[in-house]
Each structure stands twice: as C-alpha cells, then as structure tokens.
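S.K.: Handing you this structure, nothing more for now.
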Amino acid sequence: MTTSSAKPRIPLTVGDVAKRVFLGKPLITEELSSEKLSNPVALGALSPDAISSTAYGPEQILIELLPHAGLAAFALLLPVTGVILLILVLVAASYRQVVMAYTRAGGSYIVARENFGPRVAQVAAAALLIDYVVTVAVQSAAGTVAVVSAIPVLGPYSLEITVAVVLFICYANLRGLREAGMPFAVATYGFVVMIGLTIVVGVVRVIFGDLPVYDPHQLPGTVPVHQGNGLVMGATILVLLRAFANGGSSLTGVEAISNTVDVFRKPQGRNARRVLTAMACILGFLLAGVAYLAYVTHSTPYLTEYPSVLSQVGRAVFGKGPIGDIFFVLVQTATAAILFTGANTSFNGFPALASFVAEDRFLPRQLTKRGHRLVFSNGIIALTALSVALLLTTGGSVNALVPFYAIGVFTGFSMAGYGMTKHHLTHREPGWRYRLAINLSAAILSTIVVGIFAVAKFTEGAWLVVVVFPVLVFILIRLNREYRAEAAILEMFRTDRPELVKYARHRVFVFVNSVDLAVLEALRYGKGLRSDELIAVHFMVDAAHAAQLRKRWDHYELDTRLRVVDCPDRRVNRAAQMLVAKARQEQPDTNVTVLLPRRTYAPLLGRLLHDRTADKISRAVSLIPDAAATIVPYDVQSRIKEAFPERFEQRIGRELDKVEAWVSEEEDSDVDAYEHPKPERPPSVITVAGLIPGQRATFEGRVSQVEDISKRRRTLRSIVVGDNSGEISVTFRPGHGGDDVQPGQLLRITGKPRQSGNRPMSLVDPTYQVIEDPATAGRAGDSGKSRERDTT
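Our numbering applies: residue 70 is where the sequence shown begins, and numbers increase by one.
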C-alpha cells in the first residue's frame with residue numbers, strides 16, 4: 070500500500086492566474102450535473118426567446134406596411150398577425166410530436182440526424198447555428214431599445230450598450246451561468262404579467278372609449294407614412310410578403326424547448342409537451358393583444374427605433390402621472406429583462422449544439438471540450454465574436470438584423486417536420502397518419518416561409534444568409550471529410566499493420582544557436598538516447614555569431630562535436646530539412662532524431678526575449694520520412710531564482726508566488742477532496758490505511774488510474790484506488806470483472822489484500838460496487854444508483 074504524500078508544487082501560468090481571478094476557481098467534473106426542472110420553472114426558464122419576440126414582432130410588420138399602405142397598415146396588421154398565429158399553431162403542434170419522440174437535447178438537429186443521417190442533418194445544424202448568432206444580436210439590440218425607450222438620453226449610445234450587454238453575458242456564461250433556473254423564470258413571468266396587464270387594461274379602456282390614439286402625421290421622427298388610405302394601391306403582394314416576413318420573427322424560439330427536453334422531470338416527453346403548449350398559448354395571446362393595441366392606438370415605429378411600439382402602447386394604456394409612470398417603467402424593465410434573458414438562451418444552445426456537431430466530426434473537436442468552469446468555453450467565445458461582428462456590421466439596429474433572422478429558424482422548423490414525417494413512416498405507431506399530416510404540413514409551410522424570406526427580404530440583407538447558409542453546410546461536410554479520411558487511415562493501419570522497421574543506425578542532431586542551460590540539457594538528454602552518433606548543429610546566418618559560438622563551445626569544453634552549416638538564404642527550416650534528408654540518403658536504414666532546446670523563462674518576459682523557432686523547425690523536420698523532432702524544454706527561470714534570490718525581478722516574483730498560492734489553494738483542496746473522499750461509510754467499511762494483509766475487509770475509494778497490462782498473453786486490468794488515508798493497487802484477471810471500472814468512479818471494494826516482502830499491498834479479483842460515477846451524474850435515472858459486480 071502506498072500512502073498519500075505531499076504533492077509537488079506545480080507553477081501556474083499567467084493564464085491559470087487570470088482564469089482564477091476573472092472566472093473563479095475551476096470546477097471538477099463531478100460538479101457537472103443537469104438540473105431537472107418542474108414545469109412552471111421550465112416554462113419561465115426555456116421560453117424567454119419565444120415570448121420576448123412580442124416586443125418587436127408587431128412593430129416589424131408596421132415598419133414594412135406604413136410607408137406603402139399609410140394608415141391602412143394598422144388595419145392590415147391584424148390579418149397578417151392572424152396568419153402568423155396560424156403558423157404558430159401548426160409549428161407548435163409539430164414540435165409537440167418532436168418532444169415526445171426525441172427526449173435528447175438537440176431539437177431539429179437530432180431529428181434530422183436520426184432520420185436522414187448526419188450529412189443531411191448539417192442543413193439543420195447550419196440553420197440553428199446561424200439562428201443562435203442572430204438571436205443574440207436581435208435580442209440584445211431589442212433589449213437596448215427597451216432601455217432607451219424609457220431613458221431616451223441613452224439613445225445615441227445604443228450600439229455601445231448592446232455590445233457591452235453581449236460581452237457581459239459572455240463573461241457570465243464563461244463563469245458557469247446556467248440558463249435553467251428560477252432567476253430566468255422570474256424575468257419571463259414578470260414580462261408575461263406586465264404585458265398581460267397592459268393588454269387587459271388597454272382592452273377595458275377601449276371598451277369604455279377613453280384609450281388615447283396617436284396621430285402618426287403629427288409625430289416627428291417616425292418611419293414615413295404613406296399619405297392617404299393605401300389599402301388597395303399601397304399594399305401590393307410584395308409589401309404584404311415583406312410585412313409577413315418581418316412578423317415571422319415573432320416565432321423565433323418556439324423550438325427552444327425541443328432543444329432541452331432532457332432538463333425536464335420524468336416523464337420528460339409529456340412534461341415538455343405541456344410546457345410547449347403553454348408557451349405557444351402565452352405567445353399567441355401576447356402577440357395578438359399587442360398587435361390589437363397597436364392597431365387601436367396607432368402606435369408608430371420611429372426611425373431611431375425608440376421609443377418602441379410596445380413602449381408607446383404602454384404609455385397610452387397607463388397614461389402619464391405618478392402611477393402611469395411607475396407602470397410604464399415596470400413594462401420597460403420587464404421587456405428589457407426578458408429580451409436580455411432571451412439573448413442568454415443562445416449562449417446555452419449554441420455551444421451545446423456545436424458540441425453535438427463536433428462529436429459527429431463536422432466541427433473542430435475543440436468545441437467538445439469543457440473549460441475552466443465546465444462550460445463549452447470555445448463555443449461561447451465563438452458565439453460572442455460572431456454576434457458582436459454582426460452587431461457592428463448592422464450598427465445594432467433591430468430593423469437591419471431582422472432580415473437575417475427567420476430563415477434559419479424556419480429552416481430548422483422544416484427539417485424537424487420532414488424528419489418527423491420520416492419517423493412516422495418508419496415506425497407507424499398508433500395514430501401515425503394524423504401526426505404525419507401535422508408534421509408534413511408544418512414542414513411544407515415552413516419551407517414556403519423560407520422561400521418568402523429569401524425572395525421578399527433578399528435585397529434588405531437576407532442575401533447574406535442565402536449565401537452563407539450553403540457555404541456553412543459545405544464547410545461542415547468538408548471538415549467531416551477530413552476527419553473521416555484520418556479515421557480511414559487509422560483503420561487501414563489497424564487491419565493491415567505494416568511490419569515495424571528496425572533501423573540499423575540512430576543519428577541524433579542537437580540544433581543550437583547559443584551556449585546556454587537549455588542547450589546543455591539537450592546535449593545531456595541526447596547522450597541518454599545512446600545513439601550511434603550525436604552531433605550539435607548550428608545553422609550559420611551570421612558569420613561573427615558562428616565564430617563566437619565556436620569560442621564559447623571550446624571555452625566550456627563541450628565534448629560533443631559542433632557542426633556549423635552555412636545558411637546563406639537564412640531559411641533555417643529548409644536547411645534543417647536538407648540536413649536530415651541528406652543524413653537519410655547517406656544511410657537509408659538510419660533513423661534521425663532532432664533535439665530542439667527550448668528556454669522557458671517567466672511567461673511575460675520569456676515571450677519578449679525568445680521566439681518560437683523550435684516549433685517551426687519541428688514541423689519542417691517532421692515532414693521527412695523516418696525523422697522525428699523533439700523539443701527539449703528547460704526551466705531557466707527556476708535556476709535564476711536559485712542563483713539570484715535578491716534581484717528586483719525575483720522580489721516581484723515572490724509576490725506573484727503569493728498570488729499563485731492563493732489561486733491554487735482552494736483548487737488543490739477541492740481536487741484532493743474529490744480524489745480522496747471522506748464519504749459516510751457503514752460501520753463495516755474501513756479506510757485503505759486500515760487494511761491488513763490476509764484479512765478480508767471492505768473499503769471505499771476513488772479510482773485515480775486505470776491501465777490494461779499485457780502479461781503472458783493475457784490482458785489484466787490494473788487500477789489504483791485511494792481515499793484520504795492512502796492508495797492501493799487492484800488487479801483484475803480476464804473474466805473476473807473490472808471491465809466497467811473507469812477513472813473518477815467511487816468504488817466499494819471487498820477482498821483479501823496480499824503483500825509480498827517489501828512490495829506495496831495489493832488486491833486481486835475483489836468484489837466491488839460502483840457507488841458514484843461522475844460520467845453518468847445528472848443523467849435521467851442514474852442519480853443515486855450503484856452497480857455491483859461479484860467476481861467471486
């Protein structure tokens with residue numbers, strides 16, 4: 070048995086310190102869990118993206134109608150909104166089928182992948198990825214409009230406010246902000262209550278005939294209003310289609326619940342369907358109510374986008390005066406809160422979807438990695454960069470952003486509908502014909518809407534999405550082709566393994582540019598390789614420097630040969646390749662190793678004092694067959710600290726060391742508590758330190774290592790298990806279990822330890838029980854369960 074000992078002090082990098090200061094302490098994987106939501110909380114937490122579109126949907130319809138139809142635009146607002154509500158009913162009915170059939174996160178991407186394969190599913194992936202980016206921009210910009218509508222003095226700084234909000238949401242998510250939870254539900258319910266109250270009070274005032282009506286012709290700064298009653302002449306088919314396309318932005322976010330079905334309590338499908346239905350009803354009521362009050366009050370959009378139509382409706386309904394001002398501020402506060410919350414929805418959806426697509430090898434693998442706070446940091450940063458770029462390009466204007474919006478959303482609707490159609494045709498469950506009709510109708514109608522958007526809004530910015538969309542799909546498929554090619558090569562090596570080449574000679578070159586500690590370390594390492602020939606090589610770019618190097622070589626009496634190679638064109642990479650290739654040509658059965666010394670100084674100072682030439686040379690050398698390049702790092706900074714402890718820089722360094730100690734203190738304790746837990750044990754369970762050779766006992770410990778060892782034509786599984794008192798190695802022979810043991814698991818093990826001589830105590834083929842498995846923590850049905858394996 071090995072007992073725990075003091076851990077070596079590992080220096081932290083500047084990046085580690087910065088992450089700790091700005092993002093907080095790192096979370097260990099055990100803390101990754103999925104919060105299961107009740108239906109009321111889920112409704113509030115998962116629907117802000119959809120419900121918040123009420124704030125700008127009717128306004129976008131009026132922006133398109135007023136310049137062409139005049140005051141008749143208010144009459145046309147209601148039928149256009151009615152068509153949108155009919156589409157909402159059909160799409161919601163379609164997604165009710167989706168959440169019942171697919172309880173995994175991923176929505177239309179999962180539906181398309183399961184029914185049409187991963188390549189076709191990239192159409193849905195591209196649509197959703199674009200939608201998430203535009204959602205962040207639109208929701209943030211609309212939230213800023215709500216703010217400046219209440220505080221007009223902030224209007225000139227709208228873009229700056231919007232970008233700042235996006236950056237703040239990014240920062241909050243990098244720290245591990247979770248979408249699912251009561252704070253987000255509060256914002257949604259606050260908006261529903263305030264807008265619902267506005268609608269009720271407004272309708273009552275309409276009944277009593279005292280609701281104020283605006284005169285658009287007397288309002289300076291509004292969008293142009295066509296003179297006269299242009300119901301027939303002004304409202305052409307193209308204008309109506311554009312108005313419908315603008316209003317279609319009200320349906321964005323309807324798919325959000327299908328993307329997160331896994332966060333619902335059991336039965337997940339049924340609960341998700343109920344919440345989806347409730348969300349659609351609330352959205353329909355608010356959208357219809359706001360459109361009706363905009364029609365009644367003649368609330369008119371402004372060129373500056375503020376005050377918004379919704380704020381004008383609120384002002385008209387509640388009037389002026391102390392009470393009216395309070396309710397007006399509450400409406401605007403609730404509107405801004407839900408819009409900014411809706412923007413945060415994408416910061417959960419985009420990274421998760423990107424990780425799904427990356428797992429299918431259609432996006433870089435870096436998007437599957439969780440960062441410092443157990444979030445997909447790379448996906449969050451990518452989403453932020455794209456959203457900010459879009460905001461800067463459009464000036465943060467909601468009107469300019471809307472044309473980019475609904476193409477991606479309705480493409481996702483279409484893929485979900487077509488995928489469910491294929492699902493029904495394949496499984497033919499009871500009532501499948503009725504469900505097929507709903508899903509197919511929703512898919513066809515959504516496809517028509519995509520076409521309307523592409524045509525009606527093409528010149529207003531939709532052309533960019535029309536161009537980017539197929540390019541993005543092509544890029545996804547091209548990346549997948551590269552990954553599949555790599556996998557095919559690896560499979561060829563597995564099935565048709567070439568014979569291992571036995572080289573007759575081994576030559577080692579140490580590339581040097583000066584005589585320093587790193588070079589001496591590389592020479593020492595090279596001698597340890599026991600090669601047939603060890604040569605130090607300097608590529609001469611400056612004759613005077615080469616001569617000085619020779620003198621220093623002789624001065625330090627280095628016994629390794631120094632070869633100076635002329636490099637007149639200063640292309641050191643090419644010279645290195647030629648040297649290695651020539652060595653291979655002289656003796657074809659020779660293996661060549663190139664050692665590249667690297668000096669590692671203090672992070673900031675080292676970057677200024679030394680370049681990254683070794684990386685470039687190593688890439689060049691690796692292109693030569695039967696040649697390998699190894700970078701040999703040497704920590705010069707630690708030697709400087711030892712030799713000159715009183716230097717000014719070292720005094721600063723000691724202060725930084727204190728910061729490092731503060732940063733690492735909590736992290737080390739957290740990891741130590743995880744690796745060596747102190748769980749509540751039954752009386753029969755002892756510690757690792759309490760084990761006695763030859764006596765059967767039961768103990769608990771965390772698995773820290775797992776290794777398969779080939780011995781006498783058998784493969785043994787060896788693991789290391791420990792608690793806060795020590796560690797012990799456990800071996801499982803073939804057929805005696807251990808196959809399901811993985812690092813990070815908490816095991817309860819029963820067996821008779823053995824000890825031979827002075828060797829550490831060990832166990833062979835014990836019985837064990839998995840008490841806790843971080844790999845399945847938070848999954849439905851796994852919480853609190855354990856798996857037992859009897860190997861006796």
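The beta-carbon is built from N, C-alpha and C at its ideal position, and this holds for glycine as well.
Fair warning: this is a prediction, and the values are worked out from it, not measured in the lab.
With residue 575 as the anchor, note down where its beta strand (DSSP E) starts and where it stops.
M.R.: Residue 575 -> beta strand (DSSP E) spans 574 to 580.
S.K.: With residue 775 and residue 824 assumed to form a contact (beta carbons below 8 Å), what rounded beta-carbon distance in angstroms separates them?
M.R.: Their Cβ separation, rounded to whole angstroms, is 22 Å, which puts residue 775 and residue 824 out of contact at 8 Å.
S.K.: Does the segment 477 to 494 come close enough to the segment 269 to 288 to have 3 or more Cβ pairs within less than 8 Å?
M.R.: No: the two stretches stay apart, fewer than three of their Cβ pairs being nearer than 8 Å.
S.K.: Mind checking whether residue 594 and residue 660 have CB atoms under 7 Å apart?
M.R.: Result no, Cβ atoms of residue 594 and residue 660 do not sit closer than 7 Å.
S.K.: State the beta-bridge partners of residue 833 as determined by DSSP.
M.R.: 800, per the DSSP bridge assignment.
S.K.: Pick out the complete alpha helix (DSSP H) segments inside the segment 397 to 466, 4 residues or longer, and give them in chain order.
M.R.: With a minimum length of 4 residues, the continuous alpha helix (DSSP H) runs that stay inside the segment 397 to 466 are 446 to 463.
S.K.: Using three-state DSSP, classify residue 280 as helix, strand or coil.
M.R.: Coil at residue 280, not helix or strand.
S.K.: Leaving out the 5 sequence neighbours to the left and right, which residues in its chain are closer than 6 Å to residue 310 when beta-carbon positions are compared?
M.R.: 521 and 525.
S.K.: Exposed or buried, residue 506, counting other C-beta atoms within 10 Å across all chains shown (16 or more means buried)?
M.R.: Its Cβ having fewer than 16 others within 10 Å, residue 506 is exposed.
S.K.: How about the segment 399 to 417 and the segment 172 to 185: do they share at least three Cβ pairs that are nearer than 8 Å?
M.R.: With the cut-off at 8 Å, the segment 399 to 417 and the segment 172 to 185 do not touch.
S.K.: When you compare each of 482, 534 and 700 to residue 509 by their alpha carbons, which one comes out closest?
M.R.: That would be 482, whose Cα lies nearest to the Cα of residue 509.
S.K.: So, with DSSP's three-state summary, where would you put residue 780?
M.R.: DSSP places residue 780 in strand when its eight states are reduced to three.
S.K.: Leaving out the 5 sequence neighbours to the left and right, which residues in its chain are closer than 6 Å to residue 545 when beta-carbon positions are compared?
M.R.: So the list reads 191 and 431, once near-sequence residues are dropped.
S.K.: Check for me: the beta strand (DSSP E) holding residue 703 runs from which residue to which?
M.R.: Per DSSP, residue 703 belongs to the beta strand (DSSP E) from 696 to 704.
S.K.: Where does the unbroken alpha helix (DSSP H) through residue 819 begin, and where does it stop?
M.R.: No alpha helix (DSSP H) holds residue 819; the beta strand (DSSP E) holding it covers 815 to 820.
S.K.: Residues in the same chain with beta-carbon distance under 6 Å from residue 841, minus the five sequence neighbours each way, listed in chain order, please.
M.R.: These residues qualify, in order along the chain: 815.
S.K.: I need the straight-line Cα distance from residue 142 to residue 150, nearest angstrom please.
M.R.: Residue 142 and residue 150: Cα-Cα distance of roughly 12 Å.
S.K.: Let me know the alpha helix (DSSP H) ranges lying completely inside the segment 321 to 404, each 4 residues or longer, listed in chain order.
M.R.: Counting only runs of 4 or more, we get 325 to 328, 337 to 366 and 378 to 387.
S.K.: Considering only C-alpha positions, which residue in the set 478, 496, 780 and 471 is nearest to residue 176?
M.R.: That would be 478, whose Cα lies nearest to the Cα of residue 176.
S.K.: May I have a chain-ordered list of the alpha helix (DSSP H) segments no shorter than 4 residues that lie completely inside the segment 92 to 176?
M.R.: The segment 92 to 176 contains these whole alpha helix (DSSP H) runs: 108 to 115, 117 to 120, 126 to 138 and 141 to 170.
S.K.: Would you list the one or two residues that DSSP bridges to residue 493?
M.R.: Its beta-bridge partners do not exist; DSSP assigns none.
S.K.: Just checking my contact of residue 665 with residue 580 at CB under 8 Å: how many whole Å lie between their CB atoms?
M.R.: Rounded, the Cβ-Cβ distance is 6 Å, consistent with contact.
S.K.: May I ask you to list the residues that DSSP assigns as paired with residue 603?
M.R.: According to DSSP, which records beta bridges pairwise, residue 603 is partnered with 577.
S.K.: Count the other CB atoms within 10 Å of the CB of residue 350; is the residue buried (16 or more) or exposed (fewer)?
M.R.: Looking at its Cβ environment, which holds fewer than 16 other Cβ atoms inside 10 Å, residue 350 is exposed.
S.K.: Identify whether residue 275 lies in helix, strand or coil by the three-state DSSP scheme.
M.R.: Residue 275 falls in the helix class under three-state DSSP.
S.K.: Beta-carbon within less than 6 Å of residue 662's beta-carbon, same chain only, minus the 5 sequence neighbours each way: which residues are those?
M.R.: Taken in chain order, the residues that qualify are 577 and 697.
S.K.: Roughly how many whole angstroms lie between the Cα atoms of residue 17 and residue 779?
M.R.: Nothing in the structure corresponds to residue 17, since the chain is present only between 70 and 861.
S.K.: Thinking C-alpha only, which one of 668, 233 and 325 is nearest residue 700?
M.R.: When only C-alpha atoms are compared, the closest one is 668.
S.K.: Report the start-end ranges of each alpha helix (DSSP H) in the segment 501 to 569 that is 4 residues or longer and not cut off at the edges.
M.R.: Runs of the alpha helix (DSSP H) inside the segment 501 to 569: 501 to 525 and 531 to 564.
S.K.: Does the count of Cβ pairs from the segment 117 to 135 and the segment 409 to 420 closer than 8 Å reach three?
M.R.: Yes, since at least three Cβ pairs between the segment 117 to 135 and the segment 409 to 420 fall closer than 8 Å, the two stretches touch.
S.K.: Where in the segment 577 to 658 do unbroken runs of the alpha helix (DSSP H), each at least 4 residues long, occur, reported from the N-terminal end onward?
M.R.: DSSP runs (the alpha helix (DSSP H)) wholly in the segment 577 to 658: 586 to 597, 612 to 624 and 641 to 655.
S.K.: Round the Cβ separation of residue 386 and residue 168 to the nearest angstrom and send it over; I've been treating them as touching at under 8 Å.
M.R.: Between residue 168 and residue 386 the Cβ distance is about 36 Å, and since that is not below 8 Å, they are no contact.
S.K.: Cβ atoms of residue 633 and residue 605: under 7 Å apart, would you say?
M.R.: For residue 605 and residue 633, no; Cβs fall outside 7 Å.
S.K.: Where do the ends of the alpha helix (DSSP H) carrying residue 221 lie?
M.R.: Note, residue 221: premise wrong, no alpha helix (DSSP H); not H, not E.
S.K.: Apart from the five residues on each side of it in sequence, which residues of its chain come closer than 7 Å, Cβ to Cβ, to residue 514?
M.R.: Closer than 7 Å at Cβ, skipping near neighbours: 156 and 159.
S.K.: Mind checking residue 472: buried by the 16 CB within 10 Å criterion, or exposed?
M.R.: So residue 472 counts as buried.
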